[in-house]
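Report on one structure; see the data block that follows.
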Amino acid sequence: MIIIQEVSKQFKDRKTYVTALKHISFDVKKGEVVGLLGENGAGKTTLLRSIATLITPSSGSISVDGYDSIKQASEVKKRIGVLFGGETGLYDRLTAKENLEYFAVLYGMSRHEKKVRIEELAVMFGMKDYLNRKVGAFSKGMRQKVAISRALIHNPGIILFDEPTTGLDITSSNIFRQLIHELKAKGKTIIFSSHIMEEVQMLCDSVVMVHKGEVVYKGDLEGLYHEEASRDLNYIFMSKLVRGKSHVS
Ligand SMILES: Nc1ncnc2c1ncn2[C@@H]1O[C@H](COP(=O)(O)OP(=O)(O)O)[C@@H](O)[C@H]1O
Ligand SMILES: [Mg+2]
Numbered sequence: 000m001i002i003i004q005e006v007s008k009q010f011k012d013r014k015t016y017v018t019a020l021k022h023i024s025f026d027v028k029k030g031e032v033v034g035l036l037g038e039n040g041a042g043k044t045t046l047l048r049s050i051a052t053l054i055t056p057s058s059g060s061i062s063v064d065g066y067d068s069i070k071q072a073s074e075v076k077k078r079i080g081v082l083f084g085g086e087t088g089l090y091d092r093l094t095a096k097e098n099l100e101y102f103a104v105l106y107g108m109s110r111h112e113k114k115v116r117i118e119e120l121a122v123m124f125g126m127k128d129y130l131n132r133k134v135g136a137f138s139k140g141m142r143q144k145v146a147i148s149r150a151l152i153h154n155p156g157i158i159l160f161d162e163p164t165t166g167l168d169i170t171s172s173n174i175f176r177q178l179i180h181e182l183k184a185k186g187k188t189i190i191f192s193s194h195i196m197e198e199v200q201m202l203c204d205s206v207v208m209v210h211k212g213e214v215v216y217k218g219d220l221e222g223l224y225h226e227e228a229s230r231d232l233n234y235i236f237m238s239k240l241v242r243g244k245s246h247v248s
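In terms of numbering that gives the first Met the number 0, the sequence shown has 76 at position 77, counting the first letter as 1, and numbering is strictly consecutive.
Structure follows, in structure tokens:
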């Protein structure tokens, strides 16, 4: 379970401050798949980075399975897998297997654990034939598979994906969506940001909409449809953005 309480974040940009998050509060239950929605600059990446302990909120607190994201960051890190859009964090000169081994070592996995897990992931993603090839020559879809495997190497209970399908072709996007289904079936807790409404509609139990650093909706999709008297997520999204925070549930 993730509990986010009154999280705010200001970035110092030369002499001015940019407020990226304002008093964000919401919970994510174990096994819940949450879609994080919001236009560019809304604060999605900042929020995901804060949960992942990659940045420290200016105020407020985040608790992950009972561990505090600032005071017990290493416990939180163990429980979370992250994949941030655009940056795969892979080493081109290493093979897929070497990349995965490198991250397994960072997570303190034993030789045996490492071997079993890499095998498991290779089967899951159909990349056994690619394990001993250098990542530098891989297609975008294949790189994405290795990057996702890397994020899942320590078998985390919670997974954060920042715009995972942005820039992917349809085949790779579909593989990703299938993966979310499988992870959900395994009881994983997932938060992913997306611009693609169909994707959110297909995969998420609930949505969090952020606008200018504030949560303008958190709840299930049915509740949102009911509240807005519409099932068109694109329409709802636009109308939420226009009306701002007045309709927080
Ligand atoms: N390291 C940073 N330094 C200064 N401003 C930042 C930094 N990271 C993000 N911001 C600002 O915070 C706001 C939220 O950014 P971000 O979380 O990346 O939004 P999103 O992922 O929803 O597009 C934006 O105004 C952005 O310019
Ligand atoms: Mg972003």
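Glycine residues also receive a C-beta, built at the ideal position from the N, C-alpha and C atoms.
Quick caveat: nothing in here was measured; it's all calculated off a predicted structure.
Where do the ends of the alpha helix (DSSP H) carrying residue i lie?
i: I50; result: K43 to I50
i: A103; result: A95 to L105
i: L53; result: Per DSSP, L53 belongs to no alpha helix (DSSP H) and is neither H nor E.
i: A228; result: Note, A228: premise wrong, no alpha helix (DSSP H); not H, not E.
Among the options, whose alpha-carbon lies nearest the alpha-carbon of residue i?
i: S73; options: K8, S62 and F83; result: S62
i: V145; options: F191, E97 and D12; result: E97
i: T45; options: V206, K187 and L159; result: L159
i: H153; options: M0, I79 and T188; result: I79
i: T94; options: I1, L220, I117 and S109; result: I117
Less than 8 Å between the CB atoms is what I'm expecting for residue i and residue j, so what's the real figure, rounded?
i: D161; j: G88; result: Actually they are not in contact, since the Cβ atoms of D161 and G88 sit about 12 Å apart, beyond 8 Å.
i: M196; j: N233; result: 5 Å
i: E38; j: L240; result: 7 Å
i: G166; j: L20; result: Actually they are not in contact, since the Cβ atoms of G166 and L20 sit about 25 Å apart, beyond 8 Å.
i: L202; j: V32; result: 6 Å
i: I147; j: L47; result: Going by Cβ atoms, the distance from I147 to L47 rounds to 15 Å, so no, they are not a contact pair.
i: G140; j: K187; result: Not quite, the Cβ-Cβ distance comes to about 22 Å (not below 8 Å), so this is no contact.
i: V209; j: K43; result: 6 Å
i: A150; j: V81; result: 6 Å
Identify the continuous beta strand (DSSP E) that holds residue i and give its terminal residues.
i: I1; result: I1 to D12
i: A21; result: Per the sequence shown, the amino acid found at residue 21 is Lys instead of Ala. Looking at the DSSP string, the run of the beta strand (DSSP E) that includes K21 is T15 to V27.
Considering only residues of the region 135 to 221, which uninterrupted alpha helix (DSSP H) runs meet the minimum length of 4 residues and lie entirely inside it, listed in chain order? 139 to 151, 169 to 184 and 196 to 202
How do the region 136 to 145 and the region 47 to 58 stand: do at least 3 beta-carbon pairs fall below 8 Å, yes or no? no
The region 11 to 18 in contact with the region 169 to 188 per 3-pair CB rule at 8 Å: The region 11 to 18 makes no contact with the region 169 to 188: fewer than 3 CB pairs, one atom from each, lie closer than 8 Å.
So within the region 59 to 96, which uninterrupted beta strand (DSSP E) runs reach at least 3 residues, ignoring any that extend past its ends? 79 to 83
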